[in-house]
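Q:
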Amino acid sequence: MHALNRALLSVVSATALFAATAHAQTAPAAAPPPPEYSKVEIKTTDLGNKTYMLEGQGGNITVAVGDDAVLMVDTQFAPLHDKIKAAVTKISPLPLKTVINTHYHGDHTGGDGLFAKDGAVVLAHDNVKKRMTEGTSNPVTGAKTPPALDRLPTKTYTDKVDVELKGRKVQVGHPANAHTDGDTYVFFPDSNVLATGDIVSIFEGRYPNVDVGVTGNINGIIAAVAGYIKLSNDQTKVVPGHGPILNKARLQEYHDLMASARDAVQKAMAGKTEDETVAAKPLAAIDPKVKSTPEASANFVRMIYKSLKT
Ligand SMILES: [Zn+2]
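Every letter in the sequence shown is one number past the one before it in my numbering, and letter 38, counting from 1, is 1076.
1) Do you know offhand how far Val1126's Cα is from Val1101's?
2) Would you list the residues whose beta-carbon is nearer than 5 Å to any heavy atom of ligand 1, in the order they occur in the chain?
3) In three-state terms, what does DSSP make of Val1049?
4) Where Val1159 and Pro1191 are concerned, what is the direct C-alpha to C-alpha distance, given to the nearest angstrom?
5) Rounded to whole angstroms, what is the Cα-Cα separation between Thr1059 and Thr1082?
6) Could you say if the stretch 1303-1314 and the stretch 1208-1220 meet the contact criterion of at least three C-beta pairs nearer than 8 Å?
7) Per DSSP, what kind of secondary structure is Pro1278 in: helix, strand or coil?
8) Between the stretch 1310-1322 and the stretch 1221-1228, do at least 3 Cβ pairs fall closer than 8 Å?
9) Go ahead and label Glu1093 buried or exposed: buried means 16 or more other beta carbons lie within 10 angstroms of its beta carbon, across all protein chains shown.
10) Report the partner residues of Ile1324 according to the DSSP bridge assignment.
11) Which same chain residues, not among the five before or five after His1163, have their C-beta less than 6 Å away from its C-beta?
12) When we look at the beta-carbon of Asp1150 and count the other beta-carbons within 10 Å, is it buried (16 or more) or exposed?
13) With DSSP run on the structure shown, which of helix, strand or coil describes Val1263?
14) For Lys1347, count neighbouring C-beta atoms within 10 Å of its own C-beta (all shown protein chains included) and say buried if the count is 16 or more, exposed if not.
15) From Ser1345 to Ala1233, what distance separates their C-alpha atoms?
16) Pull up the distance between the alpha-carbon of Leu1161 and that of Asn1139, whole angstroms please.
17) Spatial neighbours of Arg1300 within its chain, please: C-beta separation below 6 Å, excluding the five flanking residues on both sides.
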């Protein structure tokens, strides 16, 4: 077994799956306090075959180096641009020519405008541009996301798109209505690395977010994760939107957890209003696995309820 694989297996040990992540929040889509960007350090993890994960503040970043250019998945926050750029330059002196966004949320797209200014094409699903142009609001948390006209994607796609990175294979796909309505995954078959975006997110103390304000849907998340499992084998390194690297077995565990939460809410909501369903605490048996706070559990019930009502 390679040292890398051993390291990955230790990273994704069962206790780590739902416990290890950087930033606890109680409300899924509520704006966290502004991070102290000057104190953030970018950590680089080599995933093999010229593919890397960067962690700083916000969503995980995946970097792939081709023969003549670098491709990056997601950009975290604008104030981290210089640090992220320095980390990428340390990996490779080649120009960063392509950024792919996994979805519109600001902790994944914040640096887009600056990387575009540096010369990168910023590629995303059509609905990323739509949501960043119009702004959004979350009916569960009440959080409002203003338009982000200064950092719109420079290239968008509807169903399928070919991404070229010389010397590498890149597969890009759009799972329908899952974490948001504009999700994109990126798979690098030659390094066996899958960047999932926030469809797979491991948080301390809460469930992942379903952005029901933009027709995100729990059933779409479950279907997308099932697709990710199909894409994977036992050596696949899965870079989630948040949290540590997963392997296929942990992906299955995550899938089953989401499905059991969906089933529990579906059962509880029969003949009940949203508030009555929340009051029935249908996730009580699952909450300890996620170490969920009561508020985060209630929010996730609302997200599932709204998903299943549409
Ligand atoms: Zn997100």
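By construction, the Cβ of each residue, glycine as well, lies at the ideal position given by its N, Cα and C atoms. Note that the structure is a prediction, hence the values are computed from the model and not measured.
A: The relevant details are as follows:
1) In this structure, the alpha-carbon of Val1126 lies about 8 Å from that of Val1101.
2) The answer, residue by residue, is His1143, Asp1236.
3) Summary for Val1049: the model assigns pLDDT 40, below 50, so the residue's position carries little reliability, and this model does not support an answer.
4) Cα to Cα, the separation comes out at about 8 Å.
5) Interpretation of Thr1059 is limited by its pLDDT of 39, a score under 50 that renders its predicted location unreliable; no figure is taken from the coordinates.
6) When C-beta atoms of the stretch 1303-1314 are compared with those of the stretch 1208-1220, fewer than three pairs fall below 8 Å, so the two segments do not count as touching.
7) DSSP places Pro1278 in strand when its eight states are reduced to three.
8) They do not touch, by the three-pair rule.
9) Buried: at least 16 other Cβ atoms inside 10 Å.
10) DSSP lists no partner for Ile1324.
11) Excluding residues within five positions, the ones whose Cβ falls inside 6 Å are His1212, Gly1220, Thr1222.
12) Counting the other Cβ atoms within 10 Å of the Cβ of Asp1150 gives 16 or more, which makes it buried.
13) Helix at Val1263.
14) Taking all protein chains shown into account, Lys1347 has fewer than 16 neighbouring C-beta atoms within 10 Å of its C-beta and is therefore exposed.
15) Using only the alpha carbons, I get a separation of about 24 Å.
16) It is roughly 6 Å from the alpha-carbon of Leu1161 to the alpha-carbon of Asn1139.
17) Answer for Arg1300: Ile1256, Ile1342, listed in chain order.
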